[in-house]
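To keep things clear, I will list the structure first and then write my remarks on it.
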Amino acid sequence: MAAQIIDGKAIAEQVREEIKAEVAALAAKGVKPGVATILVGEDGGAQFYRGQIEKNTGTVGFEYFNHTLPAGASEAEILDLIAELNADAAVHGILALMPMDAQIDQNTVFNAIAPEKDLDCVNPANIGHVLLGDQLFAPATPSACIEILDREGIELQGLDVTIVNHSNIVGKPVALLCLNRNASVHVVHVFSKDVPAACREADVLICAAPVQNLIKADMVKPGAIVIDVTTIRVEGKQVGSLEFEAVCEVAGRVTPVPGGVGPVTNVILLKNALVACKAQTGAS
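Following my numbering, the numbering of the sequence shown begins with 12 at its first residue and continues without gaps.
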């Protein structure tokens, strides 16, 4: 069996075009979605991510607001800036870029972001809504997994889903999103007794463990949908967690790395911002 390779870039472009059409409709009503980032210091990874956000918001016609504070900025200064952005009607989404200096309490920063503007869903209130299934939007990477399954026509109800990861940013929220679609969900991780057995049960296997070649062909149910969330750099190249070619001989559909979940995650942040804008302005 040769698996179908899911084209995340193509899915991302579909979502992007849909967002652009909605932005055009909002513009006719005098509404323009706005996204603000908060960067503290000069961390290279955070600076790169900030640049990507600026680029991506520009592709769909959003307003972008860049706020950079110097290294050594106090927690109070950051919280004051967040309060200003929470109150700014032109800003519909806020992203606080990590890492920040060691003296800054990350949870305090996250909790200060107004839930309706919290595009990364780092405020506990938003994760609570994901648990209840009544969220305005959900974390971007877990939502990207669901978006891919939806675009591939996969109905989760009644399926067995195994998630290899129990982190707060991927494993736990994607488990909740799948449960809310009435899937039977098995979450495994480094402390689980038999990860391969759990994987072999899965109609849908979602792996976000940062270990190259973790998922081998004999861990995959024939015909399964395999979503590889992992992105790590090995010898200057992006790789995922699958023994890719071997897994493709068993699975039905597989996301590649790069070109799978990553591009979809980027546009889901934009989709979250659009939803946030519409909710805050009452526009539709």
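Cβ atoms here follow ideal geometry from the backbone N, Cα and C, with glycine treated the same way.
Contact check, residue i vs residue j, beta carbons under 8 Å
i	j	result
E254	A13	no
L170	V215	yes
V179	H200	Reading the sequence as shown, one finds Asn at residue 179 and not Val. Not a contact, by the Cβ cut-off of 8 Å.
T241	A220	yes
V102	F76	yes
E86	T119	yes
Residue i versus the options, residue with shortest Cα-Cα distance
i	options	result
P233	V258, C156 and I217	V258
A21	P269, G293 and G169	P269
V196	A209, F202, K204 and S203	A209
I226	D116, S252 and V185	S252
E65	G83, A35 and G45	G45
V172	S154, C218 and A23	C218
V222	L37, V231, D239 and R211	D239
L130	T292, A87, L281 and F73	L281
V275	V198, C156, P184 and L187	C156
Q15	L285, R264 and K289	R264
A125	G144, A235 and A107	A107
C288	N97, G19 and A57	N97
L142	P184, A151 and N134	P184
Strand pairing of residue i, partner residues [DSSP]
i	result
S195	D171
E74	G45
D239	C218
A101	According to DSSP, A101 bridges with nothing at all.
A107	I49
L253	I226
Residue i, buried or exposed, once every other Cβ within 10 Å from all chains shown has been counted against 16
i	result
G271	buried
N193	exposed
A100	exposed
T48	buried
E158	buried
P153	buried
Integer Cβ distance of residue i from residue j, believed to fall under 8 Å
i	j	result
I105	T266	With a Cβ gap of about 29 Å, I105 and T266 do not count as contacting.
R27	V278	5 Å
L50	T79	5 Å
M111	G164	41 Å between Cβ atoms; not a contact.
C132	L167	Contact flag wrong, Cβ pair sits at about 20 Å.
L285	E33	6 Å
N134	N122	6 Å
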